[in-house]
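Step one of this worksheet: look at the structure below.
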Amino acid sequence: MTEQELRVTSDSFLARVERLQALEEQKRELPAADAADLAREVEALTREVLAWAERQTELAEKAAESSEGTVPIAVIPPRPLHTVLEEWRVAERRLDGEQPGTAGFESARADVDRLRDEYARAYNVQSHGGGTAKP
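Each residue of the sequence shown is one higher than the one before, starting from 737 at the first, in the working numbering.
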């Protein structure tokens with residue numbers, strides 16, 4: 737386990753929470769009779785958010801038992817550009833294969849957004865001499 741895993745897990749969790757909020761707001765605009773399909777997607781994405789929360793707890797407990805995790809997640813620098821770019825490409829392909837409006841689509845889109853943001857942070861850190869990354 738590394739501090740990078742803590743950062744990626746936290747970023748992934750936040751991205752899915754943002755997508756969940758967007759779906760819930762979209763569902764609120766529908767008449768109750770038309771909201772069932774979207775409600776199922778919200779439920780599926782909520783289960784995924786819970787899984788990410790459980791993973792965060794596992795990693796945090798491991799960090800507490802070891803010497804890792806001594807800095808806040810927000811200041812952990814992003815991963816190398818090539819690593820992020822490779823994952824970003826995989827996420828884009830996964831997004832292309834998902835049906836819009838489904839939990840799978842929203843999850844893939846959350847990954848694409850998160851990886852795009854992580855790439856931008858990594859690029860800024862690299863181009864500015866390796867300073868501390870901001871969340």
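All residues carry an ideal CB built from backbone N, CA and C; glycine is no exception.
All of these numbers come straight from a predicted model, not from anything done at the bench.
{"Asked": "Validate contact between the segment 839-847 and the segment 747-757 using beta carbons, cut 8 Å, 3 pairs", "Found": "yes"}
{"Asked": "Cα-Cα separation, GLN740 to ILE812", "Found": "7 Å"}
{"Asked": "Candidates PRO836, ASP832 and LEU817, of which the one nearest TYR855 by Cα", "Found": "LEU817"}
{"Asked": "Distance CB(LEU795)-CB(LEU756) smaller than 8 Å", "Found": "no"}
{"Asked": "Buried versus exposed, by CB contacts within 10 Å (16 or more), PRO937", "Found": "Past the edges of the chain, shown from 737 to 871, lies residue 937, and the structure says nothing about it."}
{"Asked": "8 Å contact criterion, which LEU759 and GLU842 should meet: CB distance rounded", "Found": "6 Å"}
{"Asked": "GLY867 (DSSP reduced to helix, strand or coil)", "Found": "Residue placement at GLY867 cannot be trusted, given a pLDDT of 48 that sits under 50; what the coordinates show is reported in the next sentence. DSSP places GLY867 in coil when its eight states are reduced to three."}
{"Asked": "Integer-rounded CB distance, given that GLU823 should sit under 8 Å from LEU851", "Found": "6 Å"}
{"Asked": "Cα-Cα separation between ILE809 and ALA769, rounded to whole angstroms", "Found": "42 Å"}
{"Asked": "C-beta contact flag for GLU777 and THR819 at 8 Å", "Found": "no"}
{"Asked": "Distance, VAL826 Cα to TYR859 Cα", "Found": "19 Å"}
{"Asked": "Nonlocal neighbours in the same chain, by C-beta distance under 7 Å from PRO871, ignoring five residues either side", "Found": "In this prediction, PRO871 has a pLDDT of 41, which is less than 50 and means its spatial position is unreliable; nothing more can be read from the coordinates."}
{"Asked": "Beta-carbon spacing of GLN792, THR738 below 8 Å", "Found": "no"}
{"Asked": "Under 8 Å between C-beta atoms of GLN762 and LEU781", "Found": "no"}
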